[in-house]
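In the UniProt record's numbering, the protein residues as written are 1 to 258.
The beta carbon of each residue, even a glycine, is placed where N, CA and C say it ideally should be.
Just so it is clear, the structure is predicted and the values come from calculations on it, not from any experiment.
The structure under discussion appears below in the form of structure tokens.
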């Protein structure tokens, strides 16, 4: 398996509040995690990193291969568990008050890629020249686009473009959303923060992916395209390809977690 991670501050932000990484269980199942800190300057970077590391360490403790059903239940448990953890960290540290993060998780089980997300970080599958969006944003702007109140172009600089309707680190009940896709229908898995898809349309992402066979260079080009479109937010990307469930580990060809 090839995995590349890219994270860029963008052109307008003073700090990078995204964080991404991947982990292996004791049975060598893989878990990809990407988080985008929310709450402005209220320790979003702390929330995203700690959420990623917390869930990653829990996944590394998993000793037996999980089925889709078991992985689904585990992800529900983890999103609620890490939500309580982040809330507790904010209670213990006044400077972290209000911190939170989006999250998108992806794991390979039973020849299936299982996706879990909270917030507006996304997962995509690319195959045969076509890009398929696997997640639906939990965001105010997405609701406005879906109801036809604003266009994609209007969403780019909308005053509420960063308002999510769900996130890790809030006292509300977390309701993670799930999707899955057969592994043989995916040539490249893409996870990203909204700094990518908030700046360029899915069609442009698809065109870039169709033209660039080198995974690491592809990550660089996607970041460059988002920055050229304005770079209004941090841009973080995980790309994975050449899936092989018998791998003893991933080949990380570029790492820049956040």
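In DSSP terms, what residue 135 is bridged to: To locate residue 135, count along the chain shown from 1; it is residue 135. In DSSP, residue 135 forms no bridge with anything.
Under 8 Å between C-beta atoms of residue 118 and residue 200: Numbered from its first residue, the chain shown carries residue 118 at position 118. Numbered from its first residue, the chain shown carries residue 200 at position 200. Residue 118 places its beta carbon 8 Å or farther from that of residue 200.
Contact under 8 Å by Cβ, residue 35 with residue 101: Within the chain shown, numbered from 1, the residue matching residue 35 stands at position 35. Within the chain shown, numbered from 1, the residue matching residue 101 stands at position 101. Yes, the Cβ-Cβ distance between residue 35 and residue 101 is below 8 Å.
Residue from 111, 206, 23, 63 whose Cα sits closest to the Cα of residue 133: Taking the chain shown and counting its residues from 1, one reaches residue 133 at position 133. If we check each option's Cα against that of residue 133, 206 comes out closest.
Sequence ranges, alpha helix (DSSP H) only - wholly within the stretch 33-71, length at least 4: 44-60
Pick from 188, 180, 210, 241 that is closest to residue 69, judged by C-alpha positions: Counting from 1 along the chain shown, the entry for residue 69 is found at position 69. Closest by alpha carbon: 180.
Proximity winner among 44, 217, 208, relative to residue 127 (alpha-carbon distances): Counting from one through the chain shown, the residue named residue 127 turns up at place 127. The shortest C-alpha separation from residue 127 is found at 208.
Pairwise C-alpha distance: residue 20 and residue 78: On the chain shown, residue 78 is found 78 positions in, with the first residue counted as 1. On the chain shown, residue 20 is found 20 positions in, with the first residue counted as 1. So the two alpha carbons sit approximately 16 Å from each other.
Inter-stretch contact (C-beta, 8 Å, three-pair minimum) for the stretch 6-14 and the stretch 42-62: no
Sheet register partners of residue 180 (DSSP bridge): Here residue 180 refers to the residue found at position 180 of the chain shown. DSSP output for residue 180 lists 114 as bridge partner(s).
Residue 210 burial status per 10 Å Cβ neighbour count (16 or more: buried): Within the chain shown, residue 210 is the residue found at index 210, counting from 1. Exposed is the call here.
Inter-stretch contact (C-beta, 8 Å, three-pair minimum) for the stretch 221-238 and the stretch 180-197: yes
Nearest to residue 121 (by Cα), restricted to the options 72, 104, 111: To locate residue 121, count along the chain shown from 1; it is residue 121. Nearest C-alpha to residue 121: 104.
Endpoints, the beta strand (DSSP E) within which residue 18 is located: Translated into the one-based positions of the chain shown, residue 18 becomes position 18. Annotation: the continuous beta strand (DSSP E) that includes residue 18 extends over 18-24.
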